[in-house]
Amino acid sequence: MGDRRDDPGKFFVGNLSWDTDNDSLWNYFSQYGQLSDAVVIMDRETGRSRGFGFVTFRDPKCVDEVLHQQQHEIDGRQVLS
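Numbers given in the numbering used here equal positions in the sequence shown, counted from 1, plus 284.
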């Protein structure tokens, strides 16, 4: 996976609920703009979420709007972006 230097529309989302999946992540962040990817990182051995993921917007300017918001809550948990 690249970092924000490789793709300015991509950012980290941490402190995810164990119940959050790719669809939840996609549905929440799509309110800020068109996404090209939203993925929760899973543990290869257990198949459970590792508690973080990445979201990529087609328009990198959408990231600024997300970061401008002080709080984001997905599946009942405040997440870090």
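Every residue gets a Cβ at the ideal spot worked out from N, C-alpha and C, and that includes glycine.
ask   = Is the beta carbon of T304 sitting closer than 8 Å to the one on D321?
value = Against a cut-off of 8 Å, the Cβ pair of D321 and T304 comes out as no contact.
ask   = Excluding the five sequence neighbours on either side, which residues of its own chain have a C-beta within less than 7 Å of the C-beta of D359, listed in chain order?
value = Hits under 7 Å: S301, D303, T304 and S308.
inquiry  = When you compare the segment 348–356 with the segment 323–333, are there three or more beta-carbon pairs, one atom per stretch, that lie closer than 8 Å?
reply    = no
inquiry  = My output table needs one value for E357: the three-state DSSP class, helix, strand or coil.
reply    = strand
query = Going by other Cβ atoms of all chains shown within 10 Å of its Cβ, with 16 needed for buried, is G331 buried or exposed?
reply = Exposure of G331 is indicated by the presence of fewer than 16 other C-beta atoms within 10 angstroms of its C-beta.
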